[in-house]
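Residue numbers 190 to 515, in the working numbering, belong to the letters of the sequence shown in order.
Using N, Cα and C, we set each Cβ at its ideal position, and we do this for glycine too.
Please read all numbers here as calculations on a predicted model, not as lab measurements.
Shown next, in structure tokens, is the structure this report addresses.
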Amino acid sequence: MKRVAHIFGGVVVASAMLLTGCVLGHDVSTDKPVELRCSPIMSQRTRSAEAEGKLLFNTFPTEADFGLWAYSLPRDKQWEVFSPDAEPFVENGRFQHNATDGLWYPSTSLPWAYNQQLTIAACSPYIEGVAFDPEKGVVIGNYDIEAKPNEELLYSHLMTNRRAERSMSGVELYFYHALARVDVRMKTTLTESRSLLVKSITFTNVHTEGAFCSLPNPTWYPTEKLADVCIYSADDAGWPLPDSNNQVVGGDTYCLVMPQVVVTDIVVLADVLHGGMIIPEVEFRVENATIVWEPGKYYTYTFTLTDNSLRMEEPMPETFNVAPNV
190 MKRVAHIFGG
200 VVVASAMLLT
210 GCVLGHDVST
220 DKPVELRCSP
230 IMSQRTRSAE
240 AEGKLLFNTF
250 PTEADFGLWA
260 YSLPRDKQWE
270 VFSPDAEPFV
280 ENGRFQHNAT
290 DGLWYPSTSL
300 PWAYNQQLTI
310 AACSPYIEGV
320 AFDPEKGVVI
330 GNYDIEAKPN
340 EELLYSHLMT
350 NRRAERSMSG
360 VELYFYHALA
370 RVDVRMKTTL
380 TESRSLLVKS
390 ITFTNVHTEG
400 AFCSLPNPTW
410 YPTEKLADVC
420 IYSADDAGWP
430 LPDSNNQVVG
440 GDTYCLVMPQ
450 VVVTDIVVLA
460 DVLHGGMIIP
470 EVEFRVENAT
480 IVWEPGKYYT
490 YTFTLTDNSL
500 RMEEPMPETF
510 NVAPNV
């Protein structure tokens, strides 16, 4: 009888715990929403990190902002099945860096309840009019790269079914590069007695405007607008050959380009120096070159320049958008 009474007493105690809101030491009656804040991380663009197998993500630039979308479902419903039922939690809300704790805060407070799980996506920089679609991801209707030269355009990994946690400081968001990066390595067989000063390198008639979707794979849809894209333009005398032979022209400079497949002429203007004479801005050209630029890839073109010809080697693209372990 004592054993039965002991068991019954245990049931009474357990029932009392449930009635007062205590389950396994967690007091649900005191649950309060946490504020949605973010800790963004950006994919690197450094060859050394790629070659050495280092972690390919960097701290997000503190001066950069981003727009964020979050959609809410109950904890027992998964985004992959119930996305049509998800309620908007925030749509293209602007997040900016807070110097006090190093996190990115929304412009208005966003309380996140414990019974909600969020699916989150983002785009940097913050751009009015950008949208999110469950199947297409981040959707940019029209982006003109000429209007924003060398601006990093980033999109985030789609984070699904994220739950609020009491100890949460900021949601980690992994950002990837939507554009491609191009630079040029120049070399020559000429000697000091017959040298060159490279003044400019231009890819002619390439797409500079288009629409973008991040899902299911990052994809650009260029418009018919074409323009000449100058990869390098000399600020001073020019890039000397053979003095700077087989080096990336301009050193650390590079050009961000819209991903595309297009046939282009590549034009190099250079001063030719020989016997104390200078022949200014001689044009060297590679005609009908097919270029393939993909999102998040880095292309280095190698050109061999003589005093009367220009030869291009096909670039070996390097990938910088490495998927995180999330």
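Three-way DSSP call (helix, strand, coil) for residue i in this model
i	result
V438	coil
E413	coil
D333	strand
F271	helix
D322	strand
G427	coil
M447	coil
T219	Annotation note: pLDDT 45 at T219 (below 50); position unreliable, coordinate value reported separately. It is helical.
H346	coil
S498	coil
N247	strand
K266	coil
Y303	coil
D432	coil
N394	strand
A240	With a pLDDT of only 41 at A240, under the threshold of 50, the placement of this residue in the model should not be trusted; the figure read from the coordinates follows. Residue state, collapsed to three classes: helix.
P338	coil
T380	coil
A367	coil
G485	coil
A400	strand
G214	Confidence in G214 is poor, its pLDDT being 33 and thus under 50, which makes the residue's placement unreliable; the coordinate value appears in the next sentence. Coil at G214, not helix or strand.
M505	coil
Residue(s) in a DSSP beta bridge with residue i
i	result
M466	H463
Q285	Y294
A311	L257
S422	S389
L577	In the structure as shown, the chain starts at 190 and stops at 515, and residue 577 therefore has no counterpart that could be examined.
P229	L362
I480	V451
M375	Q436, F492
E280	Answer is none; E280 lacks a bridge partner.
R352	Q306
Contacting residues, own chain, Cβ-Cβ under 7 Å from residue i (five flanking each side not counted)
i	result
A426	L386
K388	A423, G427, L458, A459, D460, E470
E361	S228, I230
E502	T491
L415	N394, V395, H396
E472	V456, L458
Euclidean distance between Cα positions of residue i and residue j
i	j	result
T491	T393	17 Å
E381	W258	58 Å
N514	V451	Because N514 carries a pLDDT of 38, less than 50, the predicted location of this residue cannot be relied on, and no value is offered for it.
Y363	I230	5 Å
T453	K325	30 Å
P314	L343	7 Å
F278	I390	47 Å
N304	P263	6 Å
P429	L445	24 Å
S358	W301	13 Å
N497	V395	25 Å
Q306	D274	13 Å
E413	V456	21 Å
I334	M447	7 Å
D417	I480	14 Å
A512	T308	Confidence at A512 is low in this model, with a pLDDT of 44, below 50, so the placement of that residue is unreliable and no value is reported for it.
L577	G439	An answer regarding residue 577 cannot be provided, because it is not within the stretch 190 to 515 covered by the chain.
A253	W293	10 Å
E398	A310	23 Å
T377	I467	17 Å
H463	S384	7 Å
G282	P295	6 Å
V437	R500	16 Å
P164	L404	One cannot answer for residue 164 here, as it falls past the ends of the chain, which runs 190 to 515.
T493	S345	38 Å
Y365	I316	16 Å
A238	F271	Here the model assigns A238 a pLDDT of 41, short of 50, so the residue's position is not dependable, and the following value carries that caveat. Taking the straight line from one Cα to the other gives about 39 Å.
E483	N435	25 Å
Sequence-distant residues of the same chain with beta carbon closer than 6 Å to residue i, five excluded per side
i	result
Y488	V371, P504, P506
E280	W258
V328	A320, D322, C402
K266	none
Proximity winner among the options, relative to residue i (alpha-carbon distances)
i	options	result
N350	P295, S298, E276, N434	E276
T495	T408, Y332, V475	V475
T248	S261, Y332, P222, G291	G291
F255	R352, Q285, T377, N477	Q285
G179	W268, K486, D265, W409	Since the first residue of the chain shown is 190 and the last is 515, residue 179 is not available in this structure.
R355	E483, G465, L225	L225
P222	P250, G439, S298	S298
W268	I316, L347, G282, E340	L347
S261	E341, R352, Q449	R352
T289	P411, R374, T251	T251
S433	V373, Y332, P484, K486	V373
A400	P431, S232, Q449	Q449
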